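The numbering of the sequence shown is numbering that gives the first Met the number 0, which starts it at 0 and goes up by one. We put the beta carbon where it would ideally sit given N, CA and C, even for glycine. These figures come from a predicted structure and were not determined experimentally. Read the structure below first, then the notes.
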Amino acid sequence: MGRFSLALAAASLLIAATGLTLARYDLIAKMPGFLSLLAGAALALAAAVAALAALLLAWRQPSASRRAASAALLVALPFVLFIASRPLVARDMPPIHDVTTDLAEPPQFRSLPLRPDNLAGTGSLAAWRRIHAAGYPDIQPVTIPRPAGDVLSDARKLAAARGWDIARYDVTAGALEATASTSYIRFKDDVVVRVRPSADGTQSIVDMRSVSRVGISDFGVNAKRIREFLGDLAAR
Numbered sequence: 000m001g002r003f004s005l006a007l008a009a010a011s012l013l014i015a016a017t018g019l020t021l022a023r024y025d026l027i028a029k030m031p032g033f034l035s036l037l038a039g040a041a042l043a044l045a046a047a048v049a050a051l052a053a054l055l056l057a058w059r060q061p062s063a064s065r066r067a068a069s070a071a072l073l074v075a076l077p078f079v080l081f082i083a084s085r086p087l088v089a090r091d092m093p094p095i096h097d098v099t100t101d102l103a104e105p106p107q108f109r110s111l112p113l114r115p116d117n118l119a120g121t122g123s124l125a126a127w128r129r130i131h132a133a134g135y136p137d138i139q140p141v142t143i144p145r146p147a148g149d150v151l152s153d154a155r156k157l158a159a160a161r162g163w164d165i166a167r168y169d170v171t172a173g174a175l176e177a178t179a180s181t182s183y184i185r186f187k188d189d190v191v192v193r194v195r196p197s198a199d200g201t202q203s204i205v206d207m208r209s210v211s212r213v214g215i216s217d218f219g220v221n222a223k224r225i226r227e228f229l230g231d232l233a234a235r
């Protein structure tokens, strides 16, 4: 049983790694690739149970089965614990995937399409706004003491430095659209930055929106992106 548990543990890693890698390079869709991670974790759990059983059966004396079972536990248990911890992380995050600095008038996408099921998980615009306001009260517009054209140019440079694919750079409209990739699987998140001049033209009011293309909860990724990007933009 020890060797069987080790084989299961190895297979769990192979399934997860294969699915994630295929999704990374868009040979399969992102969600099937992510589901392969969950399938691998389920197999790893089975491997851990089998390994524990093998260790109990071979407890009294060292054996090849016991060594194989120990190796299986070393492989499977960290994998299982990592996946099991994800719901704990998500528990403290709002179950949304669309985050913005302006709930009343979110920056709009013109070149990149907004996903058709963007209200999935909330059901209504009012519910999304309520959840967003409660979960991310710190996500607010920033005012930068520089002309709007300069700020938008800096935003484009920051986006390029982060490796984002820029889809739109419109100086007249004061807008930047780009796509960011996250995690090993390269989930795609679409971003729009809106820069508007103050009344006297000496300052700029910057809003930002970041939307995940798939999933319901983004585990806080979009909010983190907005905080970091606007922080870097203001510091330039």
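Query - Extent of the continuous beta strand (DSSP E) to which T201 belongs - result: Careful: T201 lies outside any beta strand (DSSP E) and carries neither H nor E.
Query raised in the report: Sorted by chain position, which residues of the same chain lie with C-beta nearer than 8 Å to T121's C-beta, five sequence neighbours on each side aside?
Result: P94, I95, W127 and I130
Query raised in the report: Would I143 pass as a contact of L232 if the rule is Cβ separation under 8 Å?
Result: yes
Query - beta strand (DSSP E) segments (min. 3 residues) lying fully within the segment 155 to 198 - result: Unbroken beta strand (DSSP E) runs of no fewer than 3 residues, entirely contained in the segment 155 to 198, are found at 164 to 169, 174 to 181 and 186 to 196, following chain order.
**Report entry** Residue from A75, I27, V190 and M30 whose Cα sits closest to the Cα of A47
**Finding:** Restricting attention to A75, I27, V190 and M30, the CA atom closest to the CA of A47 is found in A75.
Query raised in the report: Do you know whose CA, among V141, P106 and A147, lies nearest L229's CA?
Result: V141
Query raised in the report: Going by alpha carbons, who is nearest to L42 out of P31, F78 and L56?
Result: F78
Report task. Find out if the Cβ-Cβ distance for the pair R195, S203 is shorter than 8 Å. Result -> Result yes, Cβ atoms of R195 and S203 sit closer than 8 Å.
**Report entry** Which listed residue (I215, A179 and R226) has its alpha carbon closest to that of R90
**Finding:** The shortest Cα separation from R90 among I215, A179 and R226 belongs to I215.
Query raised in the report: Where K29 and G200 are concerned, what is the direct C-alpha to C-alpha distance, given to the nearest angstrom?
Result: The C-alpha of K29 lies about 43 Å from the C-alpha of G200.
Query raised in the report: When burial is assigned at 16 or more other CB atoms within 10 Å of the CB, is G162 buried or exposed?
Result: Exposed.
Query - Same chain only: Cβ atoms within 8 Å of Y135, ignoring 5 sequence neighbours per side - result: P93, V98 and A222
Report task. Starting from the Cα of A198, find the closest Cα among R145, L19 and L7 and give me that residue. Result -> R145
Query - Simplified DSSP state of T100, which is helix, strand or coil - result: coil
**Report entry** Local conformation of R226 per DSSP, three classes
**Finding:** Reduced to three states, the DSSP call for R226 is helix.
Query raised in the report: How big is the Cα-Cα spacing for A49 and D101?
Result: 52 Å
Query raised in the report: First and last residue of the alpha helix (DSSP H) that includes V48?
Result: Counting along the chain, the alpha helix (DSSP H) containing V48 begins and ends at K29 to L56.
Query - Distance, I82 Cα to L263 Cα - result: Since the first residue of the chain shown is 0 and the last is 235, residue 263 is not available in this structure.
**Report entry** Local conformation of T17 per DSSP, three classes
**Finding:** Helix, per DSSP.
**Report entry** Spatial neighbours of I165 in its chain, beta-carbon cut-off 8 Å, leaving aside the 5 residues before and after
**Finding:** Closer than 8 Å at Cβ, skipping near neighbours: R155, A158, A159, L175, E176 and A177.
**Report entry** CA-to-CA distance, S180 to G173, given in whole angstroms
**Finding:** 23 Å
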